[in-house]
Amino acid sequence: MALGLNVPEPEEACSDENCPFHGTLSVRGQTLEGTVASTDMDKTVVVEREYDVRVPKYDRYMKRRSRVPAHAPPCMDLEEGDTVRIAETRPLSKTKSHVVVATLADEGDA
2 MALGLNVPEP EEACSDENCP FHGTLSVRGQ TLEGTVASTD MDKTVVVERE YDVRVPKYDR
62 YMKRRSRVPA HAPPCMDLEE GDTVRIAETR PLSKTKSHVV VATLADEGDA
């Protein structure tokens, strides 16, 4: 275990400076869970979370989603559809302030 988040360290090693396991990147703040929606960018994934919002006028719930760009270290083998846990960190770029710390389950293997 590492980082104080109760997540196992990846078996594969990497030389990425922004890896929380093998580099010097510290994690703090909130942790989120979501599904990998995109892996098109280099060392970046987009994690999508769906949630319900109550609409008082109609007394019903509406689905909303948020998309969070997160750093994907090379030691984490990620594909679209994977369920992952991401943790907040210092700003890594204009849009990235989270890093993937664990893969929880694969949707495609079910």
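Numbering (my numbering), first residue to last: 2 to 111. Yeah, the Cβ is synthetic: ideal placement off N, Cα and C, and Gly gets one too.
Query: DSSP-derived helix/strand/coil call for L114; Result: What is shown of the chain runs 2 to 111, which leaves residue 114 out entirely.
Query: Simplified DSSP assignment, three categories, for T84; Result: strand
Query: Coarse secondary structure for E10, derived from DSSP in three states; Result: coil
Query: Under the three-state DSSP convention, the category L105 falls into; Result: strand
Query: Chain-order list of residues whose beta-carbon lies under 8 Å from that of D53 (same chain, five-residue window excluded); Result: Y62, M63, K64, R65
Query: Closest Cα partner of G30 within the set D78, A103, A88; Result: A88
Query: Cα-Cα separation between H72 and M42, rounded to whole angstroms; Result: 10 Å
Query: Residue environment, G35, which counts as buried when at least 16 other CB atoms sit within 10 Å; Result: buried
Query: Supposed contact pair V37 and V28 - C-beta distance, whole angstroms, cut 8 Å; Result: About 18 Å; that fails the 8 Å criterion.
Query: Beta-carbon contacts of R55 that lie in its chain and below 6 Å, excluding the five residues immediately before and after; Result: Y62
Query: Environment of D83 [buried if 16+ CB atoms lie within 10 Å]; Result: buried
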